[in-house]
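Comments concern the structure below.
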Amino acid sequence: MIENFNIKNICCIGAGYVGGPTMAVIAKHCDHIQVNVVDINKERISLWNDKDLNKLPIYEPGLKEIIKECRNRNLHFSTNVDDEISKADMIFISVNTPTKEKGIGAGQASDLKWVEASARRISENAKGTTIVVEKSTLPVKTAETIKTILESSKKYSKNNLKKEINNFYVLSSPEFLAEGSAINDLENPDRVLIGGDDNDAIIALEKVYLNWVDKKKILRTNLWSSELSKLTANAFLAQRISSINSISSLCEETGADIEEVSKAIGMDKRIGSKFLNSGPGFGGSCFKKDILNLVYLCNFYGLEEVGSYWEKVLELNNWQQKRISKIIISKLFGNLFNKRLAILGFAFKADTNDTRESPAISICKDLLLEGAFLSIYDPKVEINQIQNDLFKNGDDNSRVCVASTIQESVEHADAIIILTEWEEFKKINWDKLVPLMRKPAWLFDTRGIINLQKLISLGINVWTVGKAN
Ligand code: UDX
Ligand code: ADP
18 MIENFNIKNI CCIGAGYVGG PTMAVIAKHC DHIQVNVVDI NKERISLWND
68 KDLNKLPIYE PGLKEIIKEC RNRNLHFSTN VDDEISKADM IFISVNTPTK
118 EKGIGAGQAS DLKWVEASAR RISENAKGTT IVVEKSTLPV KTAETIKTIL
168 ESSKKYSKNN LKKEINNFYV LSSPEFLAEG SAINDLENPD RVLIGGDDND
218 AIIALEKVYL NWVDKKKILR TNLWSSELSK LTANAFLAQR ISSINSISSL
268 CEETGADIEE VSKAIGMDKR IGSKFLNSGP GFGGSCFKKD ILNLVYLCNF
318 YGLEEVGSYW EKVLELNNWQ QKRISKIIIS KLFGNLFNKR LAILGFAFKA
368 DTNDTRESPA ISICKDLLLE GAFLSIYDPK VEINQIQNDL FKNGDDNSRV
418 CVASTIQESV EHADAIIILT EWEEFKKINW DKLVPLMRKP AWLFDTRGII
468 NLQKLISLGI NVWTVGKAN
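For the sequence shown, our numbering assigns the number 18 to the initial residue and increments by one for each residue that follows.
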């Protein structure tokens, strides 16, 4: 048993968008705990250890400051997976769980190979009593798999006599952070979930959170409720976006204004005002994956109607992205051949360098298929990432250039397409920028963040999501 349930050494497997920021915040608030973040990706770990804090592998407002304060104090990044597991009292699993690409459940179910690999590595290397916490979003009942792998590892000597007692407790504590606001979400969570069936293990994890989270916000549930709550929260959030996006198309047809509609419905306390911004469709690593997972689960349990209900949320999201590509093409006379389009924003949302499932990817691909030349500017996404997202090895990538300023991207462009709601796009000096464009020039604002009157006064054609255009 862990002495007084005092956790002194935490290991986190996976130094990604969830593991990195989550462990940084734990280290910041728990200077009595050594936090070791491990990953098999050497390059990622060396970036976490880079002296130049601008090179951290993840961009999150506020993250740099915490790394500066805690790194090498009680926060360490390494590839010594086995060693750090063996020293830990508590191990978080924060590895990637993408949608399966082949085999049973391909295209829907989560690929658990990295979770299973982590569980096996824990079972081989952990010593004494260890609490294993699922942090990654996982399908319901994954904890069962982890438990089974861990249980089968009780260590035996050659003649099958028990050599060392290994005790494992498995908890689920899904992370609800959103990228771009990860540090604030972690420091001021709406709630923290701890799912599990062992009271002592739950108390041990609760004690870690209590260093900065109010007890009233810590919710205990059973394992399966915790796992399902995470999938359900993401499905509900994504559903809101698909709902408002569906209404944006109706606004464009009828002359209603999506901003006014969002405000009007959001003032109803039962609906609430958040997550009602219409846009080019949701992206990010979670929404699509989690809904696919939910659909797979529903179908697995014979609940096809429920599965197809949630599937519609994804269909509408794809439709919104395609709809926007088609509008751009049709407004530019149905012909993009050799037209230069300035793409402002490539990340799936502002304040992150993450492009996973970014609507920019599918919209840019549609425009390239029509023969356009794209000049892409994003303040945080690296050139290599954009190239990897748009092209496979050997593809012709000569019709995409990555600009290092807004101005460079917009020079000689026939149209500007705003795909991410970066703050700097809201502050563009249009008087300076518009003369650089080829006329007739267009602005397509898929995020509804630009003052259209100003652009109209400068002689630009404008289209914005959810408004009569
Ligand atoms: C989401 C959940 O919010 C978070 O709780 C969970 O832990 C992980 O998944 P994330 O994907 O990082 O977080 O970002 P989020 O802010 O939810 O945005 C997801 C997508 O929805 C983005 O593409 C964003 O631009 C879009 N969105 C969000 C809208 O189009 N309109 C909105 O009103 C809000
Ligand atoms: P998330 O958004 O869920 O954090 P990421 O892909 O950003 O997902 O990060 C997951 C990290 O987990 C990656 O850096 C990956 O290299 C790491 N990882 C995957 N499997 C293992 C493993 N078995 N051991 C250690 N690290 C792993």
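Every residue, glycine too, gets a C-beta built ideally from N, C-alpha and C. None of these values were measured; they are calculated from a predicted model.
### Query
CB PHE299 to CB ASN335, shorter than 7 Å?
Position 282 of the sequence shown, counted from the start, is the residue given in the question as residue 299. Position 318 of the sequence shown, counted from the start, is the residue given in the question as residue 335. Against a cut-off of 7 Å, the Cβ pair of ASN335 and PHE299 comes out as no contact.
### Short Cβ contact (7 Å threshold) for ARG357 with HIS429
Locating residue 357 in the sequence shown gives position 340, counting from the first residue. Locating residue 429 in the sequence shown gives position 412, counting from the first residue. Taking 7 Å as the Cβ cut-off, ARG357 and HIS429 qualify as a contacting pair.
### Query
Among all residues, which have a Cβ less than 5 Å from at least one non-hydrogen atom of ligand 1, and in what chain order do they fall?
PHE193, ALA195, GLU196, ILE258, PHE292, ASN294, GLY296, PHE299, GLY300, GLY301, CYS303, PHE365, LYS366
### Task
Figure out for me which residue from MET454, CYS47, LEU70 has the closest Cα to the Cα of LYS224.
Here residue 224 refers to the residue found at position 207 of the sequence shown. Comparing Cα-Cα distances from LYS224 to each of MET454, CYS47, LEU70, the minimum goes to CYS47.
### Message
When you measure from the CB of ALA32 to every non-hydrogen atom of ligand 2, does any distance come out below 6 Å?
### Response
The residue given as residue 32 occupies position 15 in the sequence shown. Yes, the beta carbon of ALA32 sits closer than 6 Å to at least one heavy atom of ligand 2.
### Query
Where does HIS93 fall in DSSP's three states?
Translated into positions along the sequence shown, residue 93 becomes position 76. Residue state, collapsed to three classes: strand.
### Query
How big is the Cα-Cα spacing for LEU129 and SER189?
The residue given as residue 129 occupies position 112 in the sequence shown. The residue given as residue 189 occupies position 172 in the sequence shown. For LEU129 and SER189, the distance between alpha carbons rounds to 15 Å.
### Query
Which value, in whole angstroms, describes the spacing of the CA atoms of LEU245 and GLY36?
Position 228 of the sequence shown, counted from the first residue, corresponds to residue 245. Position 19 of the sequence shown, counted from the first residue, corresponds to residue 36. Between the alpha carbons of LEU245 and GLY36 lies a distance of about 20 Å.
### Query
Cβ of ASP285 within 6 Å of any heavy atom in ligand 2?
Indexing the sequence shown from 1 puts residue 285 at position 268. Checking the Cβ of ASP285 against ligand 2 gives no.
### Query
Within 6 Å: the Cβ of TRP65 and any heavy atom of ligand 2?
Residue 65 sits at position 48 when you count from the first residue of the sequence shown. No.
### Task
Please specify which runs of the beta strand (DSSP E), each continuous and at least 3 residues long, are wholly inside the segment 369 to 432, giving them in chain order.
Counting only runs of 3 or more, we get 390 to 394, 417 to 419.
### Task
For ASN316, collect the residues of the same chain with a Cβ closer than 7 Å to its Cβ; drop the 5 residues on either side in sequence, then sort them by chain order.
Within the sequence shown, residue 316 is the residue found at index 299, counting from 1. Excluding residues within five positions, the ones whose Cβ falls inside 7 Å are GLY324.
### Message
Short of 7 Å in beta carbon distance, which residues of its chain neighbour ILE102, apart from the five on each side in sequence? Order them along the chain.
### Response
The residue labelled residue 102 in the question sits at position 85 within the sequence shown. Taken in chain order, the residues that qualify are CYS28, ILE108, ARG138, ILE139, ASN142, ALA143.
### Query
Would the beta-carbon of ASN53 be found less than 6 Å away from any heavy atom of ligand 2?
Residue numbering aside, residue 53 sits at position 36 when the sequence shown is read from its first letter. Checking the Cβ of ASN53 against ligand 2 gives no.
### Message
Tell me the rounded alpha-carbon separation between ILE6 and PHE292.
### Response
This structure cannot speak to residue 6, because the chain is shown only from 18 to 486.
### Query
If you draw a straight line from the C-alpha of ASP207 to the C-alpha of PHE94, how long is it?
Along the sequence shown, one-based indexing puts residue 207 at 190. Along the sequence shown, one-based indexing puts residue 94 at 77. Cα-Cα distance, rounded: 28 Å.
### Query
Would you say the beta carbon of VAL35 comes nearer than 6 Å to a heavy atom of ligand 2?
The sequence position of residue 35 within the sequence shown is 18, counting from 1. Indeed, a heavy atom of ligand 2 lies less than 6 Å from the Cβ.
### Task
On a CA-only basis, which of VAL398, LEU92, TRP229, SER302 is nearest LYS72? Give me that one, please.
Taking the first residue of the sequence shown as position 1, residue 72 is located at position 55. Measuring C-alpha to C-alpha distances from LYS72 to each of VAL398, LEU92, TRP229, SER302 identifies VAL398 as the nearest.
### Task
Please determine, among PRO78, TYR226, LYS232, the residue with the shortest C-alpha to C-alpha distance to GLY197.
Translated into the one-based positions of the sequence shown, residue 197 becomes position 180. Minimum Cα distance to GLY197 is reached at PRO78.
### Query
At which residues does the alpha helix (DSSP H) containing CYS303 begin and terminate?
Mapped onto the sequence shown, residue 303 falls at position 286. Careful: CYS303 lies outside any alpha helix (DSSP H) and carries neither H nor E.
### Task
Verify whether the separation of the beta carbon atoms of GLY388 and LEU353 is less than 7 Å.
As a first step, residue 388 is located in the sequence shown; it is residue number 371 there, counting from the start. As a first step, residue 353 is located in the sequence shown; it is residue number 336 there, counting from the start. Taking 7 Å as the Cβ cut-off, GLY388 and LEU353 qualify as a contacting pair.
### Query
How many Å lie between LEU450 and TRP131 at the Cα?
Counting from 1 along the sequence shown, the entry for residue 450 is found at position 433. Counting from 1 along the sequence shown, the entry for residue 131 is found at position 114. One C-alpha to the other measures close to 47 Å.
#### Entry: ligand 2 heavy atom lying under 6 Å from the CB of ASN251
The residue labelled residue 251 in the question sits at position 234 within the sequence shown. It does not: the Cβ of ASN251 is nowhere closer than 6 Å to a heavy atom of ligand 2.
### Query
Measuring from the CB of ASN113, is there a heavy atom of ligand 2 at a distance below 6 Å?
By 1-based counting over the sequence shown, the position of residue 113 is 96. ASN113 Cβ: within cutoff of ligand 2.
### Query
When DSSP builds the beta bridges, which residues end up paired with LEU188?
Taking the sequence shown and counting its residues from 1, the one referred to as residue 188 is at position 171. Partner(s): VAL150.
### Task
Assign ASP285 to one of three DSSP states: helix, strand, or coil.
Residue numbering aside, residue 285 sits at position 268 when the sequence shown is read from its first letter. Reduced to three states, the DSSP call for ASP285 is coil.
### Task
Starting from ASN26, follow the alpha helix (DSSP H) in both directions and report where the run begins and ends.
In the sequence shown, the residue the question calls residue 26 occupies position 9. Where ASN26 is concerned, there is no enclosing alpha helix (DSSP H), although the beta strand (DSSP E) it sits in stretches over 26 to 30.
### Query
With respect to the beta strand (DSSP E) encompassing TRP459, which residues constitute its N-terminal and C-terminal limits?
Position 442 of the sequence shown, counted from the first residue, corresponds to residue 459. For TRP459, the enclosing beta strand (DSSP E) starts and ends at 459 to 462.
### Task
Give the secondary structure of ARG357 by DSSP, where H, G and I count as helix, E and B as strand, and everything else as coil.
Residue 357 sits at position 340 when you count from the first residue of the sequence shown. Here ARG357 sits in strand by DSSP.
### Task
Per DSSP, which residues does VAL479 bridge with? Please list them.
Mapped onto the sequence shown, residue 479 falls at position 462. Bridge partners of VAL479: LEU460.
### Query
Tell me which same chain residues have a C-beta within less than 6 Å of the C-beta of LYS164, skipping the five on either side of it?
Sequence index remark: in the sequence shown, residue 164 carries index 147 (1-based). Correct list, in chain order: VAL187.
### Message
Let me check you understand the geometry: is the CB of SER135 closer than 6 Å to at least one non-hydrogen atom of ligand 2?
### Response
Here residue 135 refers to the residue found at position 118 of the sequence shown. Yes.
### Message
Pull the bridge partners of GLN51 from the DSSP assignment, please.
### Response
Locating residue 51 in the sequence shown gives position 34, counting from the first residue. Beta-bridge partners assigned by DSSP to GLN51: ASN26.
### Query
What's the C-alpha gap between ILE341 and TYR76?
Position 324 of the sequence shown holds residue 341. Position 59 of the sequence shown holds residue 76. C-alpha separation (whole angstroms): 28 Å.
### Query
Pick from THR481, ALA281, LEU472, PHE193: whose alpha carbon is nearest that of THR249?
Within the sequence shown, residue 249 is the residue found at index 232, counting from 1. Of THR481, ALA281, LEU472, PHE193, the residue nearest in Cα terms is PHE193.
### Task
For ASN228, verify whether its CB is less than 6 Å away from any heavy atom of ligand 2.
Mapped onto the sequence shown, residue 228 falls at position 211. Checking the Cβ of ASN228 against ligand 2 gives no.
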